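Report on one structure; see the data block that follows.
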Amino acid sequence: MNIRPRRNRKSQAIRDMVQETWLTPNDMLYPLFLTEGSNQKTAIQSMPDIYRLSLDNILFEIESSLNLGLKAFALFPVVSESKKDKYATESYREGSFYLEAIYKIKQSFPDIALMTDVAMDPYSSDGHDGLVVEGQILNDETLPILSKMAVAQAQAGADILGPSDMMDGRVGYIRNVLDKSGYSQVSIMSYTAKYASSFYGPFREALDSAPKMGDKKTYQMNPANKREALLEAELDAQEGADMLMVKPALAYLDIIHVLKENTHLPIAAYNVSGEYAMIKFAAQAGCLNEKNAVLEMLASIKRAGADIILTYFAKTAASYLKNL
Ligand code: PBG
15 MNIRPRRNRK SQAIRDMVQE TWLTPNDMLY PLFLTEGSNQ KTAIQSMPDI
65 YRLSLDNILF EIESSLNLGL KAFALFPVVS ESKKDKYATE SYREGSFYLE
115 AIYKIKQSFP DIALMTDVAM DPYSSDGHDG LVVEGQILND ETLPILSKMA
165 VAQAQAGADI LGPSDMMDGR VGYIRNVLDK SGYSQVSIMS YTAKYASSFY
215 GPFREALDSA PKMGDKKTYQ MNPANKREAL LEAELDAQEG ADMLMVKPAL
265 AYLDIIHVLK ENTHLPIAAY NVSGEYAMIK FAAQAGCLNE KNAVLEMLAS
315 IKRAGADIIL TYFAKTAASY LKNL
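For the sequence shown, the working numbering begins at 15 and goes up steadily by one.
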């Protein structure tokens, strides 16, 4: 034997030298759940150690994350049932707690990258991402609502908008409205290949945003499809997206890979709530070592081709990396 691959694994020093993928805090974007009021910190049963936080606590959470090297955050609002309606009007109402929070966060931390979500579901009494009329989720009629939401978020100070609904043509529509409204500097990270996945369950508990009827299969992608992700990527790139996202991450590493190989924009992957829950509950049950599992999972997502990983483990992983 003159070729022995094990020689490159014989010590930590050599393993580190030949390691192909390094996870750093720069790779991670930390999603946060914002609730109304002050001094609020409520647990989410299906997501141990993740909380719905009021703005004051969100500011503390961002500050401690910055100390660990994180710089990018996504903010999701928990909207009370009484504020939801068919047209998601709370999403663009001046003075809404979500828009105020975006403004205050950027005032406090001007250097962070703050991403916001552009979709109707947290504000919709139907719990769908688009306008529902007679049981149909309408595409074109949803676009003007999304664009109002987008402009309101841009005006409040969001750096990156994440259209997350899988409606057709929304990236181009939103880009156009943003540019006309003077927000040509605001970025769009499109949820390009977002699958109709069961791994969003805990998120829908966190926001209380599950669809009231039916499912999301007429707009989110069929988990069995790969080539369709390339079509979506082509359209989003043409429409002016700055970054393309694949979601979920772990069961879709092949999709991350194929988009990375076939497009020229940065690729993001959303390590979603159900993926978080799987590791947390398995670790609680003593089935695996949480730290090792988290770092292995995030490295696999980066290895597949993700430039950016949205993950609820961002802060935990950043503190692991600091102490490695
Ligand atoms: C909604 C949205 C969802 C997530 C992000 N934006 C849920 C859904 O599509 O039902 C899921 C994130 C997660 O599960 O962590 N537009």
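Even glycine gets a Cβ: it sits at the ideal position worked out from N, Cα and C.
Small disclaimer: the values here were computed from a predicted structure and weren't measured.
Handout entry: Proximity of residue 37 and residue 316 at Cβ, strictly below 9 angstroms
Key = yes
Exercise for the section: Excluding the 5 residues preceding and the 5 following residue 283 in the sequence, name in chain order all residues of the same chain whose CB lies nearer than 6 angstroms to its CB. Expected result: 260, 263, 270, 315, 320 and 323
Handout entry: contact_flag[the region 88-100, the region 18-37] where n(CB pairs < 8 angstroms) is 3 or more
Key = no
Handout entry: Three-state class that DSSP yields for residue 344 in the structure shown
Key = Missing from the structure shown is residue 344; the chain here goes from 15 to 338 and no further.
Problem - residue 59 beta carbon near the ligand PBG (any heavy atom closer than 8 angstroms) - result: no
Practice task
Return the residue from the list 237, 21, 100 and 308 that minimises the CA-CA distance to residue 149.
Solution key: 100
Problem - Check: residue 286 C-beta below 8 angstroms from any heavy atom of the ligand PBG - result: yes
Practice task
Determine the extent of the alpha helix (DSSP H) in which residue 33 is found, giving its start and end residues.
Solution key: That residue, residue 33, is in no alpha helix (DSSP H); it is neither H nor E in DSSP.
Exercise for the section: Compare the Cα-Cα distances from residue 13 to each of 120, 160 and 205 and report the closest residue. Expected result: Residue 13 falls outside the range modelled here, since the chain spans only 15 to 338, and no answer is possible.
Practice task
In angstroms with no decimal places, state the Cα-to-Cα distance between residue 98 and residue 275.
Solution key: 41 angstroms
Handout entry: Buried or exposed (CB count within 10 angstroms, at least 16 for buried), residue 231
Key = exposed
Problem - Which listed residue (165, 215 and 252) has its alpha carbon closest to that of residue 108 - result: 165
Practice task
May I ask whether a heavy atom of the ligand PBG can be found less than 8 angstroms away from the beta carbon of residue 234?
Solution key: yes
Exercise for the section: Measure from the C-beta of residue 309 to each C-beta in chain E and report whether the shortest distance is under 9 angstroms. Expected result: The question asks about chain E, but that chain is absent: this structure has only one protein chain.
Handout entry: residue 129 - containing beta strand (DSSP E), residue span
Key = 127-132
Problem - Three-pair Cβ contact test at 8 angstroms for the region 132-145 versus the region 73-85 - result: no
Exercise for the section: At 4 residues or longer, and completely inside the region 293-323: list those alpha helix (DSSP H) runs for me, N to C. Expected result: 304-318
Problem - Stretch-stretch touch, CB-based, cutoff 8 angstroms, three pairs: the region 211-228 with the region 167-174 - result: no
Exercise for the section: Tell me whether the beta-carbon of residue 273 lies closer than 9 angstroms to the beta-carbon of residue 244. Expected result: yes
Exercise for the section: Would you identify the three-state DSSP class for residue 280, choosing helix, strand or coil? Expected result: coil
Exercise for the section: Starting from the Cα of residue 68, find the closest Cα among 302, 119 and 307 and give me that residue. Expected result: 119
Handout entry: Closest by C-alpha distance to residue 215, when choosing among 202, 207, 203 and 229
Key = 229
Problem - Rounded C-alpha distance that separates residue 240 from residue 51 - result: 43 angstroms
Handout entry: Classification of residue 147 by the beta-carbon crowding that lies within 10 angstroms, buried from 16 upward
Key = exposed
Practice task
Would you check if the distance between the CB atom of residue 111 and the CB atom of residue 45 is smaller than 9 angstroms?
Solution key: no
Exercise for the section: Mind reading off the beta-carbon distance from residue 329 to residue 84? Whole number of angstroms is fine, and I expect it under 8 angstroms. Expected result: 7 angstroms
Practice task
Could you check which residue in 124, 102, 24 and 151 has the C-alpha nearest to that of residue 132?
Solution key: 102
Practice task
Using beta-carbon positions only, say whether residue 174 and residue 129 come within less than 9 angstroms of one another.
Solution key: yes
Handout entry: Length of the line joining the Cα atoms of residue 152 and residue 159
Key = 12 angstroms
Exercise for the section: Tell me whether the beta-carbon of residue 202 lies closer than 9 angstroms to the beta-carbon of residue 127. Expected result: no
Practice task
Note the first and the last residue of the continuous beta strand (DSSP E) segment covering residue 146.
Solution key: 145-147
Exercise for the section: Using DSSP bridges, identify the partner residues of residue 150. Expected result: 147
Practice task
Count the other CB atoms, across all protein chains shown, that sit within 10 Å of the CB of residue 57; report buried if there are 16 or more and exposed otherwise.
Solution key: exposed
Handout entry: residue 55, buried or exposed, once every other Cβ within 10 Å from all chains shown has been counted against 16
Key = exposed
Exercise for the section: Throw me the rounded Cβ distance for the residue 145 and residue 187 pair, which I believe falls under 8 angstroms. Expected result: About 14 angstroms separates the two Cβ atoms, so there is no contact after all.
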